[in-house]
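Numbering (the working numbering), first residue to last: 21 to 419. Report on the structure given below.
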Amino acid sequence: MLAFHNKSVTKLEETDVVVIGAGPAGCTAARKLAQAGHSVLIVDKRQELGAPIQCSGAVSRHALIENDIDPDPEFIHEAVYGFKIMNGKGDETPIDYRKLKPETYGTGEGRNPLGYVVDRRRFDRYLYTRAQRAGAEAWLKAEALGYEKSGHDVVVSISHFGEVKKVKTKVIVGADGLRSQVGKWAGLQTHIKITELASCLQLIVDGVETDGLLELITGRQTAPGGYGWVFPKGHGYAEVGLGIIAPYTKRTAQQHLDDFIKKSFLSHRFRKAKILEVQGGGVPLAAPLKRQYADNLILTGDAARHVNPITGGGIHTALSGGMVAGQFIIDHFHENSTHEARRMAGYQDAWLEAVGNQMWKLYKVKRDIFNINDLERQDEMLYDTMRNYFSPDSEFKKV
Ligand SMILES: Cc1cc2nc3c(=O)[nH]c(=O)nc-3n(C[C@H](O)[C@H](O)[C@H](O)COP(=O)(O)OP(=O)(O)OC[C@H]3O[C@@H](n4cnc5c(N)ncnc54)[C@H](O)[C@@H]3O)c2cc1C
Numbered sequence: 021m022l023a024f025h026n027k028s029v030t031k032l033e034e035t036d037v038v039v040i041g042a043g044p045a046g047c048t049a050a051r052k053l054a055q056a057g058h059s060v061l062i063v064d065k066r067q068e069l070g071a072p073i074q075c076s077g078a079v080s081r082h083a084l085i086e087n088d089i090d091p092d093p094e095f096i097h098e099a100v101y102g103f104k105i106m107n108g109k110g111d112e113t114p115i116d117y118r119k120l121k122p123e124t125y126g127t128g129e130g131r132n133p134l135g136y137v138v139d140r141r142r143f144d145r146y147l148y149t150r151a152q153r154a155g156a157e158a159w160l161k162a163e164a165l166g167y168e169k170s171g172h173d174v175v176v177s178i179s180h181f182g183e184v185k186k187v188k189t190k191v192i193v194g195a196d197g198l199r200s201q202v203g204k205w206a207g208l209q210t211h212i213k214i215t216e217l218a219s220c221l222q223l224i225v226d227g228v229e230t231d232g233l234l235e236l237i238t239g240r241q242t243a244p245g246g247y248g249w250v251f252p253k254g255h256g257y258a259e260v261g262l263g264i265i266a267p268y269t270k271r272t273a274q275q276h277l278d279d280f281i282k283k284s285f286l287s288h289r290f291r292k293a294k295i296l297e298v299q300g301g302g303v304p305l306a307a308p309l310k311r312q313y314a315d316n317l318i319l320t321g322d323a324a325r326h327v328n329p330i331t332g333g334g335i336h337t338a339l340s341g342g343m344v345a346g347q348f349i350i351d352h353f354h355e356n357s358t359h360e361a362r363r364m365a366g367y368q369d370a371w372l373e374a375v376g377n378q379m380w381k382l383y384k385v386k387r388d389i390f391n392i393n394d395l396e397r398q399d400e401m402l403y404d405t406m407r408n409y410f411s412p413d414s415e416f417k418k419v
C-alpha cells in the first residue's frame, strides 16, 4: 500500500491507478480496483464530497443493488414507489408500482421501494468510505492539475492542500464530472453543444405534499428542452425544480421556475412552500463521448457523458460506468500489457455492451424528439416517451 500520510512528501509516489474525482463514478471504480488488491489513489478537489449539492438524488433501488450498494438509511432521504408524468395540459399518467406490482413494491414484508431520493453529501461520502475501507488511498482538497508521460506510465500532478505532489501511475480514471478537464488533457473531443446542456435549478421546500412518486412535468410551457419535477425529500420536504435548454428559451431557469411555482397548473400545491435551499447545476443531455480512452487513460461518469439523455439521470450510469472501468482495468492488468490507447479501447467496448448501446438508443430517441419543428408535436412526443420509459413494460432497459 501507499504511504501518503506525511504531508511534506515531495518524492515521486507510485500507485497502479489514479482516479480523479470522487463522485459516484470515481468512488465505484476505486472500490472495485481496491477490492481486487490493486493500489489506487482517489483524489477530489472538494473539501466536502457532494457539496454544494447539485443533484436531486433520485436513483432506482435496482441501480444500487446492481452496483453492490445496500440501500442504507445513512444516505436515504425518502423511498420512491413510482412516477407521475404530466404535461401541463391536464393529461397525467400515474405509474405507481405499489398498484401495478403490489407483490413486489410497497411497504411491508417482502416488498421494497422502487427507488430512493438520496442525500448526495451523505451518499458520496458513503461511497468514498467504501472505497477507502476496500483499501483505496483517498485525498480530499486534492486537485489534479495535469499529467505527463513517463516511459510506459504517466506522472500526475496533484495540488494537495496547496502542495503539488507527483504520483506515478499506470492508468488514470478521469471521473471528474461534467466540466472534466482530464479528457481535454488527453486531447479527447469533449466539447458539449449548448443545445445539449440543461441548466437545472431546484428548491428544497417545506410545505409541499408528495406521495412517494417522482412527478415529472413535460412541455415547453414549464421547461423548454427539459422538464420540471416535484420529488419527495422526506420529513415533509420536497424538491421542486426544472431543467431547460438555454437556446430554446429567452428566459432563465430561475424565471421558468418562478412561473412554475406561481403561475402553473400546479401552483396551488406550492402556496405554502417555504424555501429551505437553492441548488443548481448543469446536466449533459448529450451523446456519450465517441472516444472515452487514450494512452494510460479512460473516462467515466459525467466526464464521458454517461448520462441518460431522456431523464438526465446520471447516478445509475455513473455507478455502472465506474464498475465497468474498474473491472476493465483489473482485466487489463491481468494481461500484463502496456497501456497505449489501443489497449484501453476495450474499456469502451465493455461499456457499450454493459450500458452504452442502450444510452445511444436513448440519445437517438431524444434527438428525434427535438428535431421535430412542430413544437406541439415535440411536447406530445416527450410526454409519450417519458410515460413509455417509466412504465413496467417499457421497451427500454432502465439506466
Ligand atoms: C440539478 C441536478 C439534479 C440532478 N438530479 C439527478 C437525479 O435526481 N438523479 C440522477 O441520477 N442524476 C441526477 N443528476 C445528475 C448527477 O448528479 C450526475 O450525473 C452524477 O453526479 C455524475 O456522477 P460523476 O461521478 O460522474 O460526477 P460528479 O458527481 O460530478 O463528481 C465529479 C467529482 O470530480 C471532482 N473533480 C473535478 N475536477 C477535479 C480535479 N481536477 N481534481 C480532483 N477532483 C476533481 C469534483 O469535485 C466532483 O466531486 C442531477 C444533476 C443536476 C445538476
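In this text, a Cβ means the ideal position worked out from N, Cα and C, and glycines have one as well. Quick caveat, the model's predicted, so the values are computed rather than measured.
- Within 7 Å of the C-beta of E163 there is at least one heavy atom belonging to ligand 1.
- Short of 7 Å from the beta carbon of V79, and not among the five residues preceding or following it, lie these beta carbons of its own chain, in chain order: G135, Y136, V138, I335 and H336.
- DSSP places Y101 outside both helix and strand once states are collapsed to three, so it counts as coil.
- The C-alpha of G332 lies about 15 Å from the C-alpha of F103.
- Annotation: G77 is outside any alpha helix (DSSP H) and is labelled neither H nor E by DSSP.
- Using a C-beta cut-off of 8 Å, the stretch 339-347 makes contact with the stretch 83-90, since at least three inter-stretch Cβ pairs fall below that distance.
- Closer than 7 Å to some heavy atom of ligand 1: that does not describe the Cβ of D116.
- Look at K161 here: in three-state DSSP terms it is coil, with no helix or strand label.
- The bridge partners DSSP lists for F410 come to none.
- Annotated three-state conformation of A345 is helix, per DSSP.
- For K386, the enclosing alpha helix (DSSP H) stretches over residues N377 to F390.
- L69 places its beta carbon less than 8 Å from that of A42.
- Counting C-beta atoms within 10 angstroms of its own C-beta, V228 has 16 or more neighbours from the protein chains shown and is therefore classed as buried.
- Beta-bridge partners of W249 (DSSP): L236 and G261.
- A direct Cα-to-Cα measurement between L208 and E168 gives close to 15 Å.
- Sequence-distant partners of L319 (beyond 5 residues in either direction) whose C-beta falls short of 6 Å from its own C-beta, in its chain, are G194, G203 and Q312.
- The C-beta distance from C47 to L147 rounds to 4 Å, short enough to meet the 8 Å contact threshold.
- Residue environment: D36 is assigned as buried (16 or more neighbouring CB atoms within 10 Å of its CB, all protein chains considered).
- For C220, the beta-bridge partners assigned by DSSP are G263 and G301.
- Per DSSP, reduced to three states, the secondary structure at P329 is coil, with no helix or strand assignment.
- Between ligand 1 and V79, a heavy atom-to-CB distance of less than 7 Å is present.
- The Cβ neighbour count for A71, taken over all protein chains shown within 10 Å, is under 16; the residue is labelled exposed.
- A straight line joining the alpha-carbon of D144 with that of E415 spans about 31 Å.
- Each of C220, D226, V39 and L120 was checked against the Cα of Y247, and the nearest Cα belongs to C220.
- Distance from L233 to D111 at the Cβ level is roughly 16 Å; contact not present, criterion being Cβ atoms closer than 8 Å.
- For R397, the closest C-alpha among the options T238, V327 and K52 is that of T238.
- Ranked by Cα distance from L53, the first of K270, S200, M379 and M343 is M343.
- Contact between I265 and H276 does not hold, since the beta-carbon distance rounds to 11 Å and is not under 8 Å.
- Looking from the CA of K213, the closest CA among L402, L305, I73 and W371 belongs to L305.
- In the displayed model, L198 falls within coil according to three-state DSSP, outside both helix and strand.
- Under the DSSP assignment, P114 falls in the beta strand (DSSP E) whose first and last residues are E112 to D116.
- Burial of I224 is indicated by the presence of at least 16 other C-beta atoms within 10 angstroms of its C-beta.
- Taking C-beta atoms under 8 Å as the contact rule, A370 and F348 qualify, at a distance of about 5 Å.
- Counting along the chain, the unbroken beta strand (DSSP E) around Y136 starts and ends at G135 to V138.
- For the set H255, R362, A361 and A151, the Cα lying nearest the Cα of R51 is the one of A151.
- Put simply, the backbone Cα of F181 is about 20 Å away from that of T149.
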